DNA sequence: CTGCATCCGATCCGATACTG
DNA sequence: CAGTATCGGATCGGATGCAG
């Protein structure tokens, strides 16, 4: 995980299966799961994450990354250059958490028809 | 899952491993994961859930159960008696979701020492 | 017993503006 | 580039009281 991976596609969360939309599992707060996905192929810069994560504001992204760092999922490396450069990567603990996360995503993919059917059967058809 | 199971112990969520405390995975909202655990051995009445779920208020428990019902995880059965009796049980979809949920709980149990160590290493030692 | 109505504090999260 | 500071809306969830 030390080499530079492929750039993140800005539409990488267009697929609703593993986004925060339908599936009932969440990894931490709203963005943490997507940050995990962004980092699973290697280290990323702050700006790379911003564009992949649907224009999340820097405040919220910073909060998310700080929380993940505090919990031991992410390691932050700051290079003392100008302009500044900061890179984030998953720790061993963070990478190990990809396993149950994938189990949850696989489950959501498999059962998506039933999930959609349950929502459609409800008159309100949305949370609220 | 049609027979009456053992009564729920009020301390069934004293173990922090699978509660909403340390682990970064959440199943839906605050109480849904614990409701899943309460229902995994069979049908339960509203009041049974209330005591097992640490005195959750009826408003919040109702909201939780309605959401799970709408999403197809729980089936609600109301018996037209006096005093009223209502029972909740997992659907086939809900039972299938126990698998990824157990994967997440197993992961949290396995990695608890690292999770605790990460928190202890942080000066703030708490979210915020 | 099983809720519903109302109020309210806490938290989340986005918008905007500014800084080294 | 990588944040910080401030504001405010939206949602969550708990307390209390009432109803069928």
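Chains as they are written, first to last, in the numbering used here: chain A, 20 to 147; chain B, 20 to 147.
The beta carbon of each residue, even a glycine, is placed where N, CA and C say it ideally should be.
Since the structure is predicted, the reported quantities are computational estimates derived from the model, not experimental observations.
Note on geometry: alpha-carbon atoms of residue 77 (chain A) and residue 85 (chain A) lie some 12 Å from one another.
Looking from the CA of residue 45 (chain A), the closest CA among A:110, A:139, A:132 and A:119 belongs to A:119. The beta-carbon of residue 112 (chain A) is placed less than 8 Å from the nearest beta-carbon of chain B. Nearest neighbour of residue 117 (chain B) by Cα position, chosen from B:68, B:75, B:92 and B:25, turns out to be B:92. Apart from sequence neighbours up to five positions away, the residues of its chain that approach residue 123 (chain A) with a beta-carbon distance below 6 Å are 44, ordered along the chain. Classified as buried, residue 54 (chain B) has 16 or more neighbouring CB atoms from the shown chains inside 10 Å of its CB. The alpha helix (DSSP H) runs of length 4 or more contained entirely in the segment 74-138 of chain B are, from start to end of the chain, 77-89, 111-115 and 117-129. Counted as a single uninterrupted DSSP element, the alpha helix (DSSP H) harbouring residue 56 (chain B) occupies residues 51-58. In the DSSP assignment, residue 32 (chain A) falls outside any beta strand (DSSP E), carrying neither H nor E. Under the 8 Å Cβ criterion, the segment 65-83 of chain B does not count as touching the segment 130-141 of chain A, having fewer than three qualifying pairs. Residue 106 (chain A) sits close to residue 96 (chain A), with the two beta carbons spaced by under 8 Å.
For the 8 Å CB-CB criterion, residue 59 (chain B) and residue 109 (chain B) form a contact.
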